[in-house]
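Reading through the structure tokens given below for one structure.
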Ligand code: ADP
């Protein structure tokens, strides 16, 4: 009896191993078509991590890069709401794969929200489930050829960034903070987390660094200024720039759209375009360092 059970157990284990093995091969295959993988992280919530991830992806796409945006913020996926996207993935019989939403010409989006039946329901995910879902978002989704995959993960240093780092080989981190000391203390934990996992850091960006008056477009300090740059210097991390607080951004994301070309000349969009260029330069430099 015992022997029988053990054999069944072994057969099951074997099948699971084979399945996991096949999926790992599929993940590698998909990843081989993605040049730069960026995980956007933050020490704490509310610093604008999802907004920075979305605008980074949009900015990269508008420069002609082929971009994927993957939202794995299990507990508060905000990308679909911000971009005004809803609905499930489309399954392509031909490709035998899930097709991401085509948001703009060069931008494809997939969010964990597509798997939630009720947008507002709280879902309890265990660590291994999250790991499996993240792996499937790579293996089962037809991302095609991408220059950049931008991944929005929940704040902190929990299961999700860990799973991303373990599943998506070659991922590099973009860390978002605000200038206040309390946010900076948490960001140091994120930096140490990356060091611990030997995950290269593209750099640190300071969000909400000044207030842009929607009438006169003048910028004034909001939570103090320069904390992001100082922390980056202290921790020996590249500083990617500062994005001001722009009230029109809140309005736009509540309405489910993003700031457009019309706002090109605003301090936020100018700062964004510098930040996007920094990310491109740093990503290329890191790729060169790793595979000269
Ligand atoms: P997180 O992902 O860190 O929780 P979000 O990106 O969801 O943060 O942003 C939280 C809120 O702050 C949202 O309402 C968003 O529109 C707003 N926000 C983020 N960055 C800015 C900014 N630079 N200017 C104005 N509002 C911003």
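In the numbering used here, the protein residues as written are 106 to 397.
Ideal Cβ positions, reconstructed from N, Cα and C, are used throughout, including at glycine.
Rounded separation between residue 291 and residue 285 - CA only: 10 Å
First and last residue of the beta strand (DSSP E) that includes residue 146? 139-147
Just how far apart, CA to CA, sit residue 383 and residue 337? 14 Å
Taking the alpha carbon of residue 137 as the reference point, which residue from 236, 243, 318 has its own alpha carbon closest? 243
Compute the minimum distance between the beta carbon of residue 142 and the heavy atoms of the ligand ADP, and state whether it is under 7 Å. no
Nearest neighbour of residue 178, chosen from 260, 195, 208 [CA to CA]: 260
Outcome for residue 210 when other beta-carbon atoms lying within 10 angstroms are tallied against a minimum of 16: exposed
Exposure of residue 319, with buried meaning 16 or more beta-carbon neighbours within 10 Å: exposed
Out of 342, 341, 315, 208, which one is the CA nearest neighbour of residue 331? 315
Just to confirm the assignment, what range does the beta strand (DSSP E) spanning residue 206 have? 206-209
For a test of your reading of the model: does the CB of residue 354 fall under 7 Å from any non-hydrogen atom of the ligand NAD? Yes or no. With respect to small molecules bound, the structure shown includes the ligand ADP and not the ligand NAD.
Between the beta-carbon of residue 258 and the beta-carbon of residue 269, is there less than 8 Å? yes
Label residue 371 either buried or exposed according to how many other C-beta atoms from any shown protein chain fall within 10 Å of its C-beta, with 16 as the threshold for buried. buried
In chain order, what residues of the same chain lie with their CB nearer than 7 Å to the CB of residue 128, ignoring the 5 residues before and after it? 240, 244
State the Cα-Cα distance for the pair residue 238 and residue 355, rounded to the nearest angstrom. 30 Å
Unbroken beta strand (DSSP E) run spanning residue 269, endpoints: From DSSP, residue 269 is part of no beta strand (DSSP E) but of the alpha helix (DSSP H) over 264-272.
Near the ligand ADP: residue 351 beta-carbon under 7 Å from a heavy atom: yes
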